[in-house]
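Notes follow once the structure below has been shown.
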Amino acid sequence: MIVPDGEVWVTGEESLAEHLLRRGISRRAFLAFCSSMAAVLSAGPLAAGDAEAAVSAASIAEGLGSLTRPALVWLQLQECTGCMESVLRSGDTTVEDLILNLVSLDYNELLMAAAGSAADAALAAANQRDHILVVNGSVPLAEGGIYTTIAGRTAEQVLLESAAKATAVFAVGACAHWGCVQASHPNPTGAVGVDQVVTDRPVVNVAGCPPIGEVITASLVYTLSRGAPPPTDAQGRPLFAYGQRIHDVCPRRARFDAGQLVQHFDDDAARDGHCLYEVGCRGPETFSPCPIVQWNLHTDWPIGVGHPCIGCTEVQFYDRFTPFYDVLPKVGVAGLSVEGDAETIGMIGLGVVGAGVAAHAVASTIWGRRAVKAAERVRLPLLGDVPTRSVPPAAPATDEEPQP
Amino acid sequence: MSTRVVIDPVTRIEGHLRIELLTDGRKITEAWSETTQFKGIELVLKDRDPRDAWAFAQRICGVCTVVHAIASVRAVEDAVAYPIPKQADLIRNLVLGSQIVQDHVIHFYHLQALDFVNVVNAAKADPTKAATAAAALEPRYALNSGPRFTAVKEQLAKVLASGQLGIFSNGYWSHPDYRLTPELDLMGVSHYLDALTWQRSMIRINTLFGGKNPHPNFLVGGMASPINLDNEITINQVKLDKIQAMITEAVAFVEDVFLPDVVAILGAYADYATIGRSSPNVLALGKAGYNGPGHPRNSGLTPGLLLDGNLADVVDFDPAHIEEYVTSGWYSYRDGDDKGLAPWDGETTPRYTGPKPPYTWLADDPRYTFSKAPRYDGRAVQVGPMARVLMAYAQKDAETLDVLTPILRRLQLQPGQLNSTAGRILGRAVEAVLLARQLQSWFDEFTRGIRAGDVTTFNPDRWEPSTWPASSKGVGFAEVARGMLSHWVRIQDGTVANYQAVVPSTWNGGGRALAQRGPYEEALSGGHPLVDPAAPLEALRTLHSFDPCQSCGIHVLDATGRELAWAKVQ
Chain A
0 MIVPDGEVWV TGEESLAEHL LRRGISRRAF LAFCSSMAAV LSAGPLAAGD AEAAVSAASI
60 AEGLGSLTRP ALVWLQLQEC TGCMESVLRS GDTTVEDLIL NLVSLDYNEL LMAAAGSAAD
120 AALAAANQRD HILVVNGSVP LAEGGIYTTI AGRTAEQVLL ESAAKATAVF AVGACAHWGC
180 VQASHPNPTG AVGVDQVVTD RPVVNVAGCP PIGEVITASL VYTLSRGAPP PTDAQGRPLF
240 AYGQRIHDVC PRRARFDAGQ LVQHFDDDAA RDGHCLYEVG CRGPETFSPC PIVQWNLHTD
300 WPIGVGHPCI GCTEVQFYDR FTPFYDVLPK VGVAGLSVEG DAETIGMIGL GVVGAGVAAH
360 AVASTIWGRR AVKAAERVRL PLLGDVPTRS VPPAAPATDE EPQP
Chain B
0 MSTRVVIDPV TRIEGHLRIE LLTDGRKITE AWSETTQFKG IELVLKDRDP RDAWAFAQRI
60 CGVCTVVHAI ASVRAVEDAV AYPIPKQADL IRNLVLGSQI VQDHVIHFYH LQALDFVNVV
120 NAAKADPTKA ATAAAALEPR YALNSGPRFT AVKEQLAKVL ASGQLGIFSN GYWSHPDYRL
180 TPELDLMGVS HYLDALTWQR SMIRINTLFG GKNPHPNFLV GGMASPINLD NEITINQVKL
240 DKIQAMITEA VAFVEDVFLP DVVAILGAYA DYATIGRSSP NVLALGKAGY NGPGHPRNSG
300 LTPGLLLDGN LADVVDFDPA HIEEYVTSGW YSYRDGDDKG LAPWDGETTP RYTGPKPPYT
360 WLADDPRYTF SKAPRYDGRA VQVGPMARVL MAYAQKDAET LDVLTPILRR LQLQPGQLNS
420 TAGRILGRAV EAVLLARQLQ SWFDEFTRGI RAGDVTTFNP DRWEPSTWPA SSKGVGFAEV
480 ARGMLSHWVR IQDGTVANYQ AVVPSTWNGG GRALAQRGPY EEALSGGHPL VDPAAPLEAL
540 RTLHSFDPCQ SCGIHVLDAT GRELAWAKVQ
């Protein structure tokens, strides 16, 4: 925790940096926190070459140090609450850091004390002010929206009311991103993602079913500390988390290159930790920080444990990637090795149309260009009804404990 | 003169629940439980590879994120007669059991507690006095300390002083029926924060076997977490040591903090053992964490029911008595809406007859919810921790009696009073202790197996659909956080021909059928207190005592109105 057992920093009275110094939190402890955030935010390699996206502990420290607590509205539409549960699991910026120290979470149905008309009044009040909008869940449009209603209003109505004064919009999780399981064939409720409804401004898509908790909170901390949402790929996914294909950084990649492949679950190769490609791994098609950030306090991740990746950060993975245990389809280019197939499929996953084994660098360049464009597109003013104060950067780092 | 009261959204639950009430000013006279979300996952499952089904069904719910996946793989394995290795059984038990313990703790501290714990009052506490009182209550818990409580109080006071109350905005903090001392309130807030830290750690049992949580991975035929003590990334001694540490911390928190907290808080709300009494029938197939293919076996208890509040006779469970009714739901049945259909013969044709949104009142129409109403032999029944604990009591289960009896004595409760708001909350805490201890037993069995050379986690023999019968059906039962769960699958030529989930939150949260209210409705109707319709705190206490999980209340949905007739596939 950034402020262990401590008093909370209060809007408007002082900057976070001043607050921490007064509280006796050492500059070193604060920077350690910022370093852990930087490790998460730097999971996407493409960020490194992009000045806008370059994330260092120092830049986070500078941004966070000048913040006040902005308002957050966190909707849950047609969804399963797995994304909020993932937030509860985040270990770097914890949910208690988030709601007590970093933002004012003015509406969230899972956590808020009030219910019914009192909750609805809190939402209405928050909607009247500038706020960051986070959305879990899809928007079912069939039959006039009757498949999800909240306080008598359709999910679409609820979303549009909260989007009106939102300074930034985050679609968190596969449901909000593209509709997820309920939007899969035959999509009985007409479920769509947030960016199909909120079309007048960019939407940041924090992808995954669910996304890793630390990635969700890092997306918000990034925005709070830099005054703008993170640059994204063409799907709106933040580059710091979704710039890397799992297959390219997988610890089992050397096994793949050596042709050491699990043929069925729990065979000798499985017990030796070999590659899961032949039992259906979607790592070659999937852009996700799972291998780097990992899950649940960096404890493990699906491929690490021995189950193939099902590709949950990718659009329409329930239709495009199933049956999950079939080996990735060949793409019809003669003479390709298995490696070639995987690479080519990776290009398709990137949206790079065209057969052939494109050099990964080419795709990266294309991707990087899109990223820069997206970053320009999503630049937004910061947030909250309390004016942000700009304070000079804190004094150079020293290890001295300030006197309380 | 009746007054209409609407609670929508019901917050601190999973999913979307609306409650409509009639009150006479001080008491609730009538209640309607209304599920206002629908996803149609069962229809999406049609024609899929049954080995993939768990990954779809799992996304029914991300709170009880393990349970639908396990019921799904069990149902498929039952259908195609697919035995799994013993170690895979134990891994599933450990994953499900740890998830239930975590779920119960999260439910109490983060979804229920603010109905009883006043955070504004907590800021008035004397932290030293609070620490002394807490240490007397829970002597083994190190964070019941003056410095810790002082820090929490200061943090809370600052939030309140800031005017930005966040999740505490518009709470019912001036309601006259908050009863705890500021010191107990402060302890409650402190443990709210502690429980967040605890759950992040102990849930990693899911991660080490399933790769992540929420939504860990499962596998038809076993588990995809191979055991090899001589490899660095498989289940090895490092991971076994971690799991042991997590079980130890799980047991410690529920024994040393959770159960004592619940007993202490309920002690101040003793009348809630007479409030929230609901349907007098309970159904439990076994102890919490049971999961298996086909008819329940070795579930720790005789699967059965207790009817009409009679604890002396356990009525044997017969799945043929399960029927679902749509007389209050937005569906129609081909041969008439007034009869019930068994899951195997179920059909679901949605027919929304409610008002066009935005709407203000639903209950004038006999149909008011997207939940069907399950009945057992024509009766509304309650499922969940209370049902399981009561069933274990009726069957004189020694482990349960050992934990339960002294608490009943201390709170001066009769076992029958567990059918109440307080009883459902208490049942969850008692069960968390029992299940956490069971985790240790399962883990010991697992490691003994490894020492004896049993490292098999998957059976490849029935993996290929070519080895399956052309046509089959199966059911998986599980006793999960919110009660008895069953998944029913029909498989035709290697694909899912039909899929049905009958879930705890339809048993408890469904609407009227056969002239009986559903359990949520029954608990609130007929005199439940509600002093201030604008601050329906008492009703929330009772609703939360069921741990509503409304996304689970889904059924096959076909927006085109096409019928899905299970009987035809047979």
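So the sequences go chain by chain: A and B. Under numbering that gives the first Met the number 0, the residues of the first sequence are numbered 0 to 403, in order. Under numbering that gives the first Met the number 0, the residues of the second sequence are numbered 0 to 569, in order. Positions of the beta carbon are idealized from the N, C-alpha and C atoms, including for glycine.
Starting from residue i, find everything on chain B with Cβ-Cβ shorter than 7 Å and list it in chain order.
{"i": "C79 (chain A)", "result": "R58, I59, C60, G61 and S550"}
{"i": "W300 (chain A)", "result": "G210 and K211"}
Residues of chain A with CB under 8 Å from residue i, in chain order?
{"i": "E13 (chain B)", "result": "C79, T80 and L109"}
{"i": "S224 (chain B)", "result": "V304, G305 and H306"}
{"i": "P535 (chain B)", "result": "A114 and G115"}
{"i": "T456 (chain B)", "result": "F264 and D265"}
Among the options, whose alpha-carbon lies nearest the alpha-carbon of residue i?
{"i": "V168 (chain A)", "options": "A:G192, A:V326, A:V292 and A:E213", "result": "A:G192"}
{"i": "P175 (chain B)", "options": "B:A534, B:T149, B:L539 and B:L434", "result": "B:A534"}
{"i": "E160 (chain A)", "options": "A:T188, A:V197 and A:I145", "result": "A:V197"}
{"i": "E323 (chain B)", "options": "B:Q394, B:P342, B:A311 and B:L305", "result": "B:P342"}
{"i": "A194 (chain B)", "options": "B:E520, B:L183 and B:V256", "result": "B:V256"}
{"i": "R203 (chain B)", "options": "B:S32, B:D453, B:G508 and B:Q101", "result": "B:Q101"}
{"i": "I234 (chain B)", "options": "B:R540, B:D48 and B:I449", "result": "B:I449"}
{"i": "P547 (chain B)", "options": "B:L93, B:H103 and B:V314", "result": "B:H103"}
{"i": "I226 (chain B)", "options": "B:F445, B:L417, B:R366 and B:G170", "result": "B:F445"}
{"i": "Y317 (chain A)", "options": "B:L16, B:A538, B:D46 and B:T22", "result": "B:D46"}
{"i": "D492 (chain B)", "options": "B:L21, B:E19, B:V79 and B:Q57", "result": "B:V79"}
In this structure, how does DSSP classify residue i when only helix, strand and coil are distinguished?
{"i": "G415 (chain B)", "result": "helix"}
{"i": "E323 (chain B)", "result": "strand"}
{"i": "G220 (chain B)", "result": "coil"}
{"i": "N290 (chain B)", "result": "strand"}
{"i": "E398 (chain B)", "result": "helix"}
{"i": "T301 (chain B)", "result": "coil"}
{"i": "C208 (chain A)", "result": "coil"}
{"i": "N92 (chain B)", "result": "helix"}
{"i": "F476 (chain B)", "result": "strand"}
{"i": "P349 (chain B)", "result": "strand"}
{"i": "G209 (chain B)", "result": "helix"}
{"i": "C79 (chain A)", "result": "coil"}
{"i": "V5 (chain B)", "result": "strand"}
{"i": "E13 (chain B)", "result": "strand"}
For the beta strand (DSSP E) that contains residue i, what are its first and last residues?
{"i": "T34 (chain B)", "result": "K26 to T34"}
{"i": "A386 (chain B)", "result": "Premise fails: A386 (chain B) lies in the alpha helix (DSSP H), P384 to A393, not in any beta strand (DSSP E)."}
{"i": "T22 (chain B)", "result": "L16 to T22"}
Starting from residue i, trace the alpha helix (DSSP H) both ways and give me its first and last residue.
{"i": "G508 (chain B)", "result": "P503 to G508"}
{"i": "F445 (chain B)", "result": "T420 to R450"}
{"i": "G266 (chain B)", "result": "L258 to A267"}
{"i": "A283 (chain B)", "result": "Premise fails: A283 (chain B) lies in the beta strand (DSSP E), V281 to A283, not in any alpha helix (DSSP H)."}
{"i": "W53 (chain B)", "result": "A52 to A56"}
{"i": "F252 (chain B)", "result": "Q236 to F252"}
{"i": "A129 (chain B)", "result": "P126 to L136"}
{"i": "G303 (chain A)", "result": "P301 to V304"}
Under 8 Å Cβ-Cβ, which residues of chain B neighbour residue i?
{"i": "V180 (chain A)", "result": "K38, I40, V43, F55 and R58"}
{"i": "N295 (chain A)", "result": "R199, I202, R203, N205, T206, K211 and N212"}
{"i": "F323 (chain A)", "result": "D48, R50, D51 and A54"}
Please list, in chain order, the chain A residues whose beta carbon lies closer than 7 Å to that of residue i.
{"i": "I6 (chain B)", "result": "A114 and G115"}
{"i": "I232 (chain B)", "result": "G272 and G303"}
{"i": "N216 (chain B)", "result": "P301 and H306"}
So residue i contacts chain B; which residues on that side make the cut at Cβ distance below 9 Å?
{"i": "Y276 (chain A)", "result": "The premise fails here: Y276 (chain A) is roughly 14 Å from chain B at the closest Cβ pair, so nothing lies under 9 Å."}
Would the C-beta of residue i count as close to the ligand SAM, meaning under 7 Å from any of its heavy atoms?
{"i": "A533 (chain B)", "result": "The model on display carries no ligand, and the ligand SAM is accordingly not part of it."}
Starting from the beta carbon of residue i, find every residue of chain A whose beta carbon is closer than 9 Å, and list them in chain order.
{"i": "P459 (chain B)", "result": "H263, F264, D265 and D266"}
{"i": "H109 (chain B)", "result": "L87, L109 and L110"}
{"i": "P357 (chain B)", "result": "T148, A150, G151, R152, T153 and Q156"}
- Output the residue ranges of the alpha helix (DSSP H) runs that lie fully inside the stretch 85-135 of chain A and measure 4 residues or longer, sorted by chain position. Runs of the alpha helix (DSSP H) inside the stretch 85-135 of chain A: 115-127.
- Jot down the residue ranges of each uninterrupted beta strand (DSSP E) in the stretch 140-194 of chain A, minimum 3 residues, whole runs only, in chain order. Complete beta strand (DSSP E) runs here, min 3: 165-171.
- Message: At 4 residues or longer, what runs of the alpha helix (DSSP H) sit wholly inside the stretch 204-280 of chain A?
- Response: The qualifying runs are 212-225, 238-241, 245-248, 252-256 and 267-270.
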